[in-house]
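Heads up: the sequence shown runs through residues 30 to 981, numbered per the numbering used here. The block underneath contains the structure these notes are about, expressed in structure tokens.
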Amino acid sequence: MKRLISAVLCLMLILTAHSGWVQAKGNDISAVSEQEYTRIGEDYDILDDNVLMAKNDGSVWTWVINKDSLKTLDYYIAEMFQIPGLQDVKQFRYKSHEKNSRAIINYVALKKDGTVWYWDSKITETDAAIIHSPMGTPSPITELNQVTSLVADFYYDNSNFKTLFVLKSDGSVWSWGSEIGGASSIPIQSKLLDDVISISSANGFAYAVKKDGSVWKWSTSDYLPHNISKDKGPEQVKGLSDIVKIETGAYPNYAYKKDGTVWSWSAYNSASVPEQLHGATGARSIVEFSTMLQDRFIDSIYALRLDGQLWSVYNEDKVFQGLTDIVSIHNKVKDKYSKWYYALKKDQTLWAWEDDYYSLPKLVVFTKGTAAGYRSGEAGKSTGDQTGVTGTPTGDHSGTATQPTGNKTGTTGTATGSATVSQPTGSRTGTTNKPTGDRPETKAQPAVRTSPEISLFPFITMLQPGGQQIITVSNVLPGTQITYTIDDSSIGAISNVNGIPVITAKKSGQTVVRVTATRAGFPDETAYFLLYVMDGSMLSNTYLTAVGSIPDTDRQNPVIVEGLTQAGELVITAASSEKVAPVNGQLVVTPELMDRLAGNASKAKLAVKQALSENRITLARELTVNAEIVPTSGQSEYIFKLYKDSFMGQKDIDYITIHAGDAKLVLNVATADRLFDSRTVIVIRLIKANNGGFQVQFSDEQGQELPNVSNNILLILPAKQTNATHTSVFYSNGKKAQPIGGKFNPSQNGIEAEINRSGTYFVGENPKSFPDIYDRDPELQQAVQFLASKGIVTGKENGNFEPDSLLTRAEFTAMLVRAFYALDETATESFSDVHPPQWHHPYIASSEKKHIVEGYPDGTFKPDKTISREEMTAVGARYLHEKKHYNYPTNPENYLNQFVDKETISNWAKPTMSLAVKQHLIDVPANKRINAREAVTRGEAARMLYRLYLLL
């Protein structure tokens with residue numbers, strides 16, 4: 030989804046452009062003129078076949094390397110040309126051809142909505158503006174819809190016939206053909222294959238990878254009119270199995286297996302037998318260099334690995350030194366003997382080389398046709414690739430930049446990295462696109478876009494220095510690699526905590542956080558959000574203005590709504606925080622203090638809700654009010670005196686956070702009655718321990734120690750670990766220590782755990798792993814390791830986790846009791862089939878006392894019975910509703926209609942199931958079947974509980 034952040038005027042990121050004088054040898058960039066633009070990845074998605082898609086408006090552009098820069102410069106000069114009439118394109122193909130003294134251009138485009146658009150362009154030889162002169166407006170091919178991928182190896186014969194092949198969402202592959210220039214001609218189409226996951230083509234051959242891992246091949250010319258009757262259909266490529274993707278090339282093709290191995294075979298020799306490239310196992314992509322280089326330090330084939338470096342296939346410890354920090358590889362097949370490679374680096378620059386030429390990677394500098402290095406009249410000449418686009422910019426060439434435009438005419442932009450350079454700005458007669466800093470009035474923010482392939486949270490985030498925010502990327506396809514970057518590392522930093530990325534605010538300012546999803550065989554998808562770091566006095570006005578600037582189309586987007594909800598809660602917290610001085614060594618929480626906090630919170634909450642209501646933004650949950658009490662001075666021992674009257678009847682505050690140095694206590698106001706029980710005063714003493722933890726002591730007003738309190742209190746301990754996946758909060762009574770769970774809370778800058786007993790609490794490592802989860806997907810591995818390290822899930826007696834074993838009610842109850850710190854060893858149960866010394870007895874008894882999992886009307890619990898998917902989901906959704914105030918959807922069918930077997934969902938489970946789907950506690954599987962009453966596995970439960978645990 031494209032998000033129009035340009036409308037958020039109050040949150041505009043002011044990034045002033047500067048001239049870019051850089052070096053172009055190896056990983057550096059050489060001195061280029063101020064009119065030349067290098068960091069193309071800032072503003073464009075890079076597609077194969079020399080195609081770019083603008084991130085700000087979805088417009089489509091092609092580019093061609095000027096031949097004069099091939100040998101004479103240390104970098105390539107590329108001209109950009111817009112393809113008119115196209116936006117939001119997923120794939121684009123074109124073909125130029127000389128016929129009867131006329132240049133014919135065929136275009137075909139696949140849009141993100143699954144429609145295919147096709148048109149022809151005819152021009153005279155004297156008209157150089159080929160790309161700018163389509164014969165007609167692009168129109169859809171009505172016979173083709175729900176298309177996910179296409180290939181177009183255009184062929185010409187005496188009948189002037191064009192043909193292409195498409196992959197539909199149902200896995201079927203179709204051919205489609207029509208006469209060139211014949212709008213009224215009857216299209217010819219036929220079905221080739223089913224159960225296909227990807228298609229590709231090069232030099233007259235098309236390939237398909239099927240779900241079973243087989244690879245199929247056919248000649249594209251077989252589907253011309255005079256050949257189609259002779260066609261025998263696609264044939265299977267022998268020797269290839271378990272394939273997940275292929276890369277078609279000039280001569281060799283490469284196939285990637287599920288086990289990570291890479292195989293190559295000849296594209297033109299039908300007798301070729303695939304051979305394994307032993308040094309390429311685990312590669313993301315394969316690139317080649319010319320054997321004519323005659324450089325003993327450079328091999329001919331390299332594998333791009335996860336570290337962003339090119340490793341030699343023949344010398345596994347050898348790295349190509351001339352190119353590092355690679356994000357993705359793109360290509361254009363020139364002919365059956367050569368291919369151009371384009372490498373996009375982390376600094377958003379593009380580097381190019383040809384594999385059949387004395388060519389090493391050089392920076393591609395994008396510029397207008399009159400830039401330095403051109404000779405008049407030759408800017409439109411191509412590199413020699415006769416299938417590529419040729420032409421020159423149109424319009425007024427006198428000082429006009431023929432470059433992509435954004436929504437704001439006459440603005441300049443910036444790139445990331447240590448040097449900032451100019452962005453293309455659009456055709457403006459009499460102007461030049463100078464990237465210097467002498468025009469502060471011409472500023473622009475980067476385009477903000479979230480693609481349909483991934484969903485990013487937050488939408489925006491406002492933090493005070495030292496504040497933190499989790500980054501969540503959802504709707505990610507299997508096999509996708511996610512990378513996170515921040516434009517200005519002095520304003521914020523990205524770290525990995527609990528296996529998830531976290532932003533930490535460092536100093537006041539504004540910057541952009543970027544999330545890139547890379548999946549083999551697909552273009553990279555990039556999403557952004559804006560980070561604003563400011564002190565508390567600026568939060569309210571900034572937030573209120575921002576809400577009013579959200580585009581209408583985004584005001585009910587659930588990701589944006591949740592982002593605005595959390596930002597609003599930050600505003601409320603900042604308004605309802607107070608520094609309090611100790612009295613006789615005690616910090617006393619009086620009714621008067623609570624009333625002041627409640628009054629400030631109520632005013633701030635009203636302002637936030639009014640701003641949201643006036644702008645027709647409906648919250649998915651209630652705003653949570655968290656007031657804060659901060660001692661005026663720091664010490665090693667803190668004593669807090671809490672009066673029951675301060676909390677009772679208080680409806681304007683949900684939680685009170687009391688600071689104790691770098692630790693915090695959080696009290697739930699709604700459950701204060703259970704906390705105090707019959708007492709009028711509770712005193713909590715926190716003493717910093719030698720192990721970095723805190724000794725916690727509960728006592729009554731007379732100083733008599735209480736072994737426990739009747740309701741949990743949240744304790745937040747400082748987190749020093751950069752990755753707390755294997756970290757737990759431990760409880761010690763002076764005799765032994767045991768893990769009690771704990772979850773990293775970035776907004777509180779620590780690991781939180783619920784406590785109800787006097788004792789010492791500290792953070793420690795407790796790594797747990799199980800051999801039978803090593804081959805599972807990363808999230809399941811993370812979930813099991815995370816939960817096991819906190820004592821929430823346990824393995825079996827054989828040392829395995831057994832994720833595929835069916836889950837029993839007793840096992841699930843134990844998981845929940847541990848997760849919510851609800852174990853009460855004094856609890857008793859009333860079920861006729863649960864008795865000590867059964868291992869599950871204390872968990873089921875505690876569950877009954879805390880109303881976590883209920884029993885059956887006949888007085889039994891049935892601990893060994895399996896639990897159904899709708900039962901498991903109901904427990905998780907109810908906790909989201911009760912603990913975090915998530916509302917059950919008023920339109921549950923909107924979420925449940927995604928399942929083809931929604932009739933399996935019981936009526937009582939529809940509200941909880943719809944909330945679980947909405948908040949991604951569970952996924953919609955590929956086959957779209959929920960099987961709601963089917964028994965769930967231990968692995969499924971661990972995954973849902975992990976997601977729930979992080980949300981709570």
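Cβ atoms here follow ideal geometry from the backbone N, Cα and C, with glycine treated the same way.
Practice item. Using beta-carbon positions only, say whether L944 and Y917 come within less than 9 Å of one another. Key: Translated into positions along the sequence shown, residue 944 becomes position 915. Translated into positions along the sequence shown, residue 917 becomes position 888. Yes, these two residues count as a Cβ contact at 9 Å.
Review point. Is the beta carbon of Q111 sitting closer than 9 Å to the one on G143?
Key: Along the sequence shown, read from residue 1 onward, the residue named residue 111 stands at position 82. Along the sequence shown, read from residue 1 onward, the residue named residue 143 stands at position 114. No.
Exercise for review: Can you have a look at W90 and say buried or exposed, based on whether 16 or more other CB atoms are within 10 angstroms of its CB?
Suggested key: Here residue 90 refers to the residue found at position 61 when the sequence shown is read from its first residue. Answer is buried; the Cβ neighbour count reaches 16.
Exercise for review: Tell me whether I658 counts as near the ligand HEM, meaning its Cβ is closer than 8 Å to at least one heavy atom of that ligand.
Suggested key: With respect to small molecules bound, the structure shown includes none, and the ligand HEM cannot be examined in it.
Point to revise | From Y557, S524, R786, residue whose alpha carbon lies closest to that of A851 | key: Working through the sequence shown from its first residue, we reach residue 851 at position 822. Closest in C-alpha terms to A851, from the list Y557, S524, R786, comes R786.
Review point. Considering only C-alpha positions, which residue in the set H755, Y557, S818 is nearest to N85?
Key: Within the sequence shown, numbered from 1, the residue matching residue 85 stands at position 56. Checked all of H755, Y557, S818; the closest Cα to N85 is Y557.
**Study point:** Environment of V302 [buried if 16+ CB atoms lie within 10 Å]
**Key:** Along the sequence shown, read from residue 1 onward, the residue named residue 302 stands at position 273. Looking at its Cβ environment, which holds fewer than 16 other Cβ atoms inside 10 Å, V302 is exposed.
Review point. Going by beta carbon distance, what residues of the same chain come within less than 8 Å of E651, once the five residues before and after it are set aside?
Key: Along the sequence shown, one-based indexing puts residue 651 at 622. Exclusion of the five residues before and after E651 leaves H914, N916 as the residues of its chain whose Cβ lies within less than 8 Å of its Cβ.
Practice item. Alpha carbon to alpha carbon, how far is E899 from V965? Give it in angstroms, no decimals. Key: Reading the sequence shown from its first residue, position 936 is the one you call residue 965. Reading the sequence shown from its first residue, position 870 is the one you call residue 899. The alpha-carbon atoms of V965 and E899 are separated by roughly 9 Å.
Review point. Within the chosen definition, does the segment 782-796 reach the segment 952-960 through at least 3 CB pairs nearer than 8 Å?
Key: no
Point to revise | Endpoints, the beta strand (DSSP E) within which L715 is located | key: Walking along the sequence shown from the start, residue 715 turns up at place 686. Counting along the chain, L715 sits inside the beta strand (DSSP E) bounded by residues 710-717.
Check your understanding: Excluding five sequence neighbours on each side, which residues of the same chain lie with their C-beta closer than 6 Å to the C-beta of F849?
Key -> Residue numbering aside, residue 849 sits at position 820 when the sequence shown is read from its first letter. No residues qualify anywhere along the chain.
Exercise for review: Just the C-alpha distance for L560 and I589, rounded to the nearest angstrom, thanks.
Suggested key: Here residue 560 is taken as the residue at index 531 of the sequence shown, counted from 1. Here residue 589 is taken as the residue at index 560 of the sequence shown, counted from 1. Cα-Cα distance, rounded: 14 Å.
Check your understanding: Which class does A83 belong to by DSSP, given the choice of helix, strand or coil?
Key -> If you number the sequence shown from 1, residue 83 lands on position 54. Reduced to three states, the DSSP call for A83 is strand.
Practice item. Pull up the distance between the alpha-carbon of T889 and that of P865, whole angstroms please. Key: Here residue 889 refers to the residue found at position 860 when the sequence shown is read from its first residue. Here residue 865 refers to the residue found at position 836 when the sequence shown is read from its first residue. Computed Cα separation, rounded: 15 Å.
**Study point:** Residues that F727 bridges to, as DSSP identifies them
**Key:** For this step, residue 727 is matched to residue 698 along the sequence shown. The partner list for F727 (beta bridge, DSSP) reads I713, L735.
**Study point:** Extent of the continuous beta strand (DSSP E) to which N282 belongs
**Key:** Indexing the sequence shown from 1 puts residue 282 at position 253. N282 -> beta strand (DSSP E) spans 281-286.
Review point. What first and last residue would you give for the beta strand (DSSP E) that runs through N1037?
Key: Not covered by the structure: residue 1037. The range shown for the chain is 30 to 981.
Review point. Counting Cβ pairs, one atom from each stretch, are 3 or more of them under 8 Å apart for the segment 284-294 and the segment 258-274?
Key: yes
Exercise for review: Please classify H880: is it buried, with 16 or more other beta-carbons within 10 angstroms of its beta-carbon, or exposed?
Suggested key: Here residue 880 refers to the residue found at position 851 of the sequence shown. Taking every protein chain shown into account, the CB of H880 has fewer than 16 other CB atoms within 10 angstroms, so this residue is exposed.
Check your understanding: Applying the criterion that 16 or more other CB atoms from any shown protein chain within 10 Å of the CB defines a buried residue, is R838 buried or exposed?
Key -> Taking the first residue of the sequence shown as 1, we reach residue 838 at position 809. By the neighbour-count criterion, in which 16 or more other beta carbons inside 10 Å mark a residue as buried, R838 falls on the buried side.
Exercise for review: Tell me whether the beta-carbon of F669 lies closer than 9 Å to the beta-carbon of L616.
Suggested key: Looking up residue 669 in the sequence shown gives position 640. Looking up residue 616 in the sequence shown gives position 587. Yes. Within cutoff.
**Study point:** Option nearest A83 by Cα separation, candidates W92, I94, Q116
**Key:** On the sequence shown, position 54 is the one that residue 83 refers to. Checked all of W92, I94, Q116; the closest Cα to A83 is Q116.
Point to revise | Whole-angstrom distance between G308 and R543, CA atom to CA atom | key: Translated into positions along the sequence shown, residue 543 becomes position 514. Translated into positions along the sequence shown, residue 308 becomes position 279. Each residue's Cα considered, the two are about 32 Å apart.
Exercise for review: Please report the residue range of the beta strand (DSSP E) in which S876 lies.
Suggested key: Taking the first residue of the sequence shown as 1, we reach residue 876 at position 847. Residue range 870-879 is occupied by the alpha helix (DSSP H) that includes S876, with no beta strand (DSSP E) assigned at that position.
Check your understanding: Out of curiosity, what's the CA-to-CA distance linking A938 and D77?
Key -> Within the sequence shown, numbered from 1, the residue matching residue 938 stands at position 909. Within the sequence shown, numbered from 1, the residue matching residue 77 stands at position 48. Near 47 Å, if we compare the C-alpha coordinates of D77 and A938.
**Study point:** Spatial neighbours of N741 in its chain, beta-carbon cut-off 7 Å, leaving aside the 5 residues before and after
**Key:** As a first step, residue 741 is located in the sequence shown; it is residue number 712 there, counting from the start. Counting only Cβ-Cβ distances below 7 Å, and skipping sequence neighbours, we find E783, I784, N785, Y850.
Review point. Should A6 and N629 be called a contact, given that it needs their Cβ atoms to be closer than 9 Å?
Key: As displayed, the chain neither begins before 30 nor continues past 981, which places residue 6 out of reach and without an answer.
Point to revise | Same chain, Cβ closer than 7 Å to N960, neighbours up to 5 away in sequence not counted | key: Your numbering for residue 960 matches position 931 in the sequence shown. Cβ neighbours of N960 beyond the five flanking positions: R898, D930, T933.
**Study point:** Option nearest L389 by Cα separation, candidates V822, I873, M901, Y104
**Key:** As a working mapping, residue 389 is identified with position 360 in the sequence shown. Comparing Cα positions, the closest option is Y104.
Point to revise | Exposure label - V562; buried when at least 16 CB within 10 Å | key: On the sequence shown, residue 562 is found 533 positions in, with the first residue counted as 1. Buried, by the Cβ-count rule.
**Study point:** Minimum length 4: unbroken alpha helix (DSSP H) runs contained in the segment 645-697
**Key:** 673-676
**Study point:** Beta-carbon proximity list for N129, same chain, < 7 Å, skipping 5 on both sides
**Key:** Against the sequence shown, residue 129 aligns to sequence position 100. For N129, the predicted structure reports a pLDDT of 37, less than 50, and the residue's modelled location is therefore unreliable. A value from the coordinates is still provided. Closer than 7 Å at Cβ, skipping near neighbours: no residue.
Check your understanding: Using DSSP with H/G/I as helix, E/B as strand and the rest coil, what is P747?
Key -> For this step, residue 747 is matched to residue 718 along the sequence shown. If DSSP states are grouped into helix, strand and coil, P747 belongs with the strands.
Check your understanding: Going by the beta-carbon positions, is the gap between I716 and F727 smaller than 9 Å?
Key -> Stepping through the sequence shown from its first residue, residue 716 is reached at position 687. Stepping through the sequence shown from its first residue, residue 727 is reached at position 698. Not closer than 9 Å, so no.
Check your understanding: Taking DSSP as the reference, what is the three-state secondary structure of T786?
Key -> Counting from 1 along the sequence shown, the entry for residue 786 is found at position 757. Here the sequence assigns Arg to residue 786, which means Thr is not the residue at that position. In the displayed model, R786 falls within a strand according to three-state DSSP.
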